[in-house]
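Report on the structure given below.
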Amino acid sequence: MKGPCVLAQKSARHALKQRVHVLRGHVKAAAAHDVDGIHDLRVASRRLRAALGDFAGRFKKRALKPLRKRARDVTRGLGKARELDVTLGLLRAMRRDAPKELHPAIARASRMLRAMRDEQSSSVDASCAFVRDHAFRTEIGDLIDADRRSETCYRKETALTLRKRYTRLASAYREWIASPSDDSLHQVRIAFKKLRYSCEIARDLYGERMDALIEKIKGAQETLGDWNDVRVLRDYLVACAKANPGMAAEFANIEARCDETAKQHLDDFAKRAPQLLDKSARAAANELFSTPEVVCCVRRGGRTSL
-9 MKGPCVLAQK SARHALKQRV HVLRGHVKAA AAHDVDGIHD LRVASRRLRA ALGDFAGRFK
51 KRALKPLRKR ARDVTRGLGK ARELDVTLGL LRAMRRDAPK ELHPAIARAS RMLRAMRDEQ
111 SSSVDASCAF VRDHAFRTEI GDLIDADRRS ETCYRKETAL TLRKRYTRLA SAYREWIASP
171 SDDSLHQVRI AFKKLRYSCE IARDLYGERM DALIEKIKGA QETLGDWNDV RVLRDYLVAC
231 AKANPGMAAE FANIEARCDE TAKQHLDDFA KRAPQLLDKS ARAAANELFS TPEVVCCVRR
291 GGRTSL
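Set out below in structure tokens:
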């Protein structure tokens, strides 16, 4: 009779412990409201959520549910603050290059956004408290103790997960090509992010070949991230213009600059996307996912060995 896949159990435990360690490592800087610290903590919470999702079948639901909720609360609690930090940074950069006649409008927008950012301080503090809470450590311990043995081969399960993520990305990309919109492109960006996180989780199974794919995904994802940051900035500027009708012309000029920058990011993405989503790229990805380097469950004499 085939026994449990020990590699799956070890991989799940390692992935969770490593991501929790990274998460805790960023909480001090985030609690000090350091811009990079908040970003790093939020990304770490996303990576933990990705691992909890990819390994969900390896743990008992009663132990998994509270931890997934806590990780999600951390991500969401930091989201608005991070968005405003990025937007304020873009405004500072824009001011350096903009003509002086636009500086008053940029300053007005910055003051409005800074006030909004200050309102998010309590959410940042709450997210950091979630991570520092003793209950969080207890939930991690309970989850690891509640892992379930599985007879499903980890290599096969991982390949299936990666194909699912890649297929979802390709589908989102086709939907955007067929009906371009900010919302459909946002779905492409999210699909890239989920594929990247799953590839990072599976990296130890595939070695350096996976590194090359991750770098390509990262490049496309970051380009779309830059596009999204500018899109969000423009939305805030539209709101600022409505609140300051006397500066309508200045804000219209700034919005036009945002449109041009966003177009540059989209042009860059258009060059990167085929490297990941054309016919040859799809074949290469499928070949990679089908050929992990690490030996897992191999039947020998009617039994499973590792």
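In the numbering used here, the protein residues as written are -9 to 296.
The beta carbon of each residue, even a glycine, is placed where N, CA and C say it ideally should be.
#1: Can you tell me whether DSSP reads residue 45 as helix, strand or coil?
#2: Can you give me the Cβ contacts of residue 14 inside the same chain, cut-off strictly under 7 Å, excluding the 5 residues immediately before and after it?
#3: Counting only the same chain and skipping the five closest in sequence on each side, list residues whose C-beta sits under 7 Å from that of residue 44.
#4: What span of residues does the alpha helix (DSSP H) with residue 110 cover, start to end?
#5: Taking C-beta to C-beta, are residue 117 and residue 67 nearer than 7 Å?
#6: Would residue 226 and residue -3 qualify as a contact pair, given that the criterion is a beta-carbon distance under 7 Å?
#7: What number of angstroms, rounded off, separates the C-alpha of residue 197 from the C-alpha of residue 18?
#8: Please go through the same chain and pick out, in chain order, the residues whose beta-carbon is closer than 8 Å to the beta-carbon of residue 219, but skip the five residues on each side of it.
#9: Using a Cβ distance threshold of 8 Å, determine whether the segment 199 to 208 contacts the segment 242 to 252, with at least three qualifying pairs required.
#10: In three-state DSSP terms, what is residue 70?
#11: Could you compute how far the alpha carbon of residue 9 sits from the alpha carbon of residue 124?
#12: What's the C-alpha gap between residue 159 and residue 56?
#13: Between the C-alpha atoms of residue 47 and residue 0, what's the straight-line distance to the nearest angstrom?
#14: Does the beta-carbon distance from residue 83 to residue 28 come in below 7 Å?
#15: Taking just the CA atoms, how far does residue 282 sit from residue 110?
#16: Is it right to say residue 96 is buried, meaning 16 or more other beta carbons lie within 10 angstroms of its own, or is it exposed?
#17: Between residue 58 and residue 39, which are expected to be in contact by the criterion C-beta below 8 Å, what is the C-beta distance as a whole number of angstroms?
#18: Over the uninterrupted alpha helix (DSSP H) stretch that includes residue 264, give me the two end residues.
#19: Should residue 217 and residue 267 be called a contact, given that it needs their Cβ atoms to be closer than 7 Å?
#20: Using the Cβ count rule (16 or more neighbours within 10 Å means buried), how would you classify residue 296?
#21: Between which residues of its own chain and residue 31 is the CB-CB distance below 8 Å, once the five residues before and five after are set aside?
#22: Figure out for me which residue from 54, 153, 101 and 22 has the closest Cα to the Cα of residue 276.
#23: Among 236, 24 and 3, which residue has its Cα nearest to the Cα of residue 49?
#24: In the structure shown, what three-state DSSP assignment does residue 142 receive?
#25: Please report the Cβ distance between residue 210 and residue 259, rounded to the nearest whole angstrom; I am assuming they are in contact, meaning their Cβ atoms lie under 8 Å.
#26: To the nearest angstrom, how far is the alpha carbon of residue 174 from that of residue 215?
#27: Could you give the distance in angstroms between the alpha-carbon of residue 166 and the alpha-carbon of residue 265?
#28: Please classify residue 90 as buried or exposed, where buried requires at least 16 neighbouring CB atoms within 10 angstroms.
#29: Assign residue 197 to one of three DSSP states: helix, strand, or coil.
#30: What's the gap between the Cα of residue 230 and the Cα of residue 223?
#31: Quick check on this structure: which residue in 179, 246 and 252 has the alpha carbon closest to the alpha carbon of residue 212?
#32: Just to confirm my understanding: we take residue 290, look at its own chain, exclude 5 residues before and 5 after, and list those with CB closer than 7 Å. What are they?
Put simply:
#1: Numbered from its first residue, the sequence shown carries residue 45 at position 55. The answer is coil: DSSP assigns residue 45 none of H, G, I, E or B.
#2: Along the sequence shown, read from residue 1 onward, the residue named residue 14 stands at position 24. Cβ neighbours of residue 14 within its own chain (closer than 7 Å, five residues either side excluded): 121.
#3: What you label residue 44 is simply residue 54 of the sequence shown in a count that begins at 1. Cβ neighbours of residue 44 beyond the five flanking positions: 151, 188 and 191.
#4: Translated into positions along the sequence shown, residue 110 becomes position 120. Boundaries cannot be given for residue 110, as no alpha helix (DSSP H) includes it and DSSP labels it neither H nor E.
#5: Start at 1 with the first residue of the sequence shown, and residue 117 comes out as number 127. Start at 1 with the first residue of the sequence shown, and residue 67 comes out as number 77. Result yes, Cβ atoms of residue 117 and residue 67 sit closer than 7 Å.
#6: Looking up residue 226 in the sequence shown gives position 236. Looking up residue -3 in the sequence shown gives position 7. Result no, Cβ atoms of residue 226 and residue -3 do not sit closer than 7 Å.
#7: The count along the sequence shown starts at 1 and reaches residue 197 at position 207. The count along the sequence shown starts at 1 and reaches residue 18 at position 28. Whole-angstrom Cα-Cα distance: 32 Å.
#8: Translated into positions along the sequence shown, residue 219 becomes position 229. Once the five neighbours on either side are set aside, the close Cβ partners of residue 219 are 76, 77 and 80.
#9: Contact between the segment 199 to 208 and the segment 242 to 252 is not established, with fewer than three Cβ pairs separated by less than 8 Å.
#10: By 1-based counting over the sequence shown, the position of residue 70 is 80. Secondary structure at residue 70: helix, using DSSP grouped into helix, strand and coil.
#11: Counting from 1 along the sequence shown, the entry for residue 9 is found at position 19. Counting from 1 along the sequence shown, the entry for residue 124 is found at position 134. Annotation: residue 9 to residue 124 spans about 17 Å, alpha carbon to alpha carbon.
#12: Stepping through the sequence shown from its first residue, residue 159 is reached at position 169. Stepping through the sequence shown from its first residue, residue 56 is reached at position 66. Using only the alpha carbons, I get a separation of about 28 Å.
#13: The sequence position of residue 47 within the sequence shown is 57, counting from 1. The sequence position of residue 0 within the sequence shown is 10, counting from 1. It is roughly 14 Å from the alpha-carbon of residue 47 to the alpha-carbon of residue 0.
#14: Along the sequence shown, read from residue 1 onward, the residue named residue 83 stands at position 93. Along the sequence shown, read from residue 1 onward, the residue named residue 28 stands at position 38. No.
#15: Position 120 of the sequence shown, counting from 1, holds the residue named residue 110. Position 292 of the sequence shown, counting from 1, holds the residue named residue 282. Distance between the alpha carbons of residue 110 and residue 282 is about 44 Å.
#16: On the sequence shown, position 106 is the one that residue 96 refers to. Its Cβ being crowded by 16 or more others within 10 Å, residue 96 is buried.
#17: For the purposes of this step, residue 58 is taken as residue 68 along the sequence shown, with counting starting at 1. For the purposes of this step, residue 39 is taken as residue 49 along the sequence shown, with counting starting at 1. Confirmed, Cβ separation roughly 7 Å.
#18: Here the question's residue 264 lines up with position 274 in the sequence shown. Looking at the DSSP string, the run of the alpha helix (DSSP H) that includes residue 264 is 264 to 267.
#19: Numbered from its first residue, the sequence shown carries residue 217 at position 227. Numbered from its first residue, the sequence shown carries residue 267 at position 277. Going by C-beta atoms, residue 217 is not nearer than 7 Å to residue 267.
#20: Mapped onto the sequence shown, residue 296 falls at position 306. In this prediction, residue 296 has a pLDDT of 33, which is less than 50 and means its spatial position is unreliable; what the coordinates show is noted afterwards. When all chains shown are included, residue 296 counts as exposed.
#21: Mapped onto the sequence shown, residue 31 falls at position 41. Contacts found: 13, 16, 17, 19, 20, 64, 68, 117, 118 and 121.
#22: Stepping through the sequence shown from its first residue, residue 276 is reached at position 286. When each option's Cα is compared against that of residue 276, the closest is 153.
#23: Translated into positions along the sequence shown, residue 49 becomes position 59. The shortest CA-to-CA distance from residue 49 to any of 236, 24 and 3 is the one to 3.
#24: Start at 1 with the first residue of the sequence shown, and residue 142 comes out as number 152. Correct three-state label for residue 142: coil.
#25: Taking the first residue of the sequence shown as position 1, residue 210 is located at position 220. Taking the first residue of the sequence shown as position 1, residue 259 is located at position 269. Taking the Cβ atoms as the reference, residue 210 lies roughly 6 Å from residue 259, within the contact range of under 8 Å.
#26: For the purposes of this step, residue 174 is taken as residue 184 along the sequence shown, with counting starting at 1. For the purposes of this step, residue 215 is taken as residue 225 along the sequence shown, with counting starting at 1. Looking at the two C-alpha atoms, the distance is approximately 14 Å.
#27: Indexing the sequence shown from 1 puts residue 166 at position 176. Indexing the sequence shown from 1 puts residue 265 at position 275. Approximately 17 Å, taken between the alpha carbons.
#28: As a working mapping, residue 90 is identified with position 100 in the sequence shown. Residue 90 comes out exposed.
#29: Working through the sequence shown from its first residue, we reach residue 197 at position 207. Coil at residue 197, not helix or strand.
#30: In the sequence shown, the residue the question calls residue 230 occupies position 240. In the sequence shown, the residue the question calls residue 223 occupies position 233. In a straight line, the C-alpha of residue 230 is about 10 Å away from that of residue 223.
#31: The residue you call residue 212 lines up with position 222 of the sequence shown. Cα-wise, what sits closest to residue 212 is 179.
#32: The sequence position of residue 290 within the sequence shown is 300, counting from 1. Any reading at residue 290 is ruled out, since the residue's pLDDT is 42, under 50, leaving its predicted position unreliable.
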